[in-house]
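Here's the structure we're looking at; comments come further down.
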């Protein structure tokens with residue numbers, strides 16, 4: 156079983172979408188996908204209603220997810236950790252105990268834009284269109300991830 160973790164700041168916008176999208180593309184018997192945030196702002200909260208809506212428009216239900224905070228234990232529990240942006244990447248790396256932990260952490264958009272270290276923009280203040288744009292970015296990235304790890 157390969158375990159994958161998606162991480163953003165609050166675990167209510169980007170990482171819940173990434174979790175839902177990737178789950179929809181993988182065999183649940185072979186892969187586990189979860190999400191977390193580097194901050195504690197929204198622990199226990201549902202995803203943002205706009206994330207839930209854009210996921211639902213695309214046939215994915217993320218309404219049952221609840222935000223949690225990333226912890227050092229996640230390095231032990233997950234094989235691959237995808238950060239949504241450079242700030243969260245750096246926050247995750249700062250908690251790594253060793254090079255093995257660090258090697259698990261990747262920027263999600265590097266899957267479609269190799270070595271460009273681009274950020275998935277935080278759609279929280281960007282209105283509904285921002286959520287649709289983020290969905291499309293994450294859908295593209297998750298398609299590449301699913302193709303690579305399902306081989």
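Residue numbers (our numbering): 156 to 306.
Yeah, the Cβ is synthetic: ideal placement off N, Cα and C, and Gly gets one too.
Of all C-beta pairs linking the stretch 256 to 276 to the stretch 196 to 216, fewer than three are shorter than 8 Å, placing the two stretches out of contact. In the structure shown, residue 237 adopts extended strand secondary structure according to DSSP, grouped into three states. In the three-state scheme derived from DSSP, where H, G and I count as helix and E and B as strand, residue 190 is classed as strand.
Pairwise C-beta distances place the stretch 218 to 233 in contact with the stretch 162 to 173, as three or more of them are shorter than 8 Å. Counting every other CB atom within 10 Å of its CB across the protein chains shown gives residue 229 a total of 16 or more, marking it as buried. Under the three-state reduction of DSSP output, residue 275 falls in the coil class, being neither helix nor strand.
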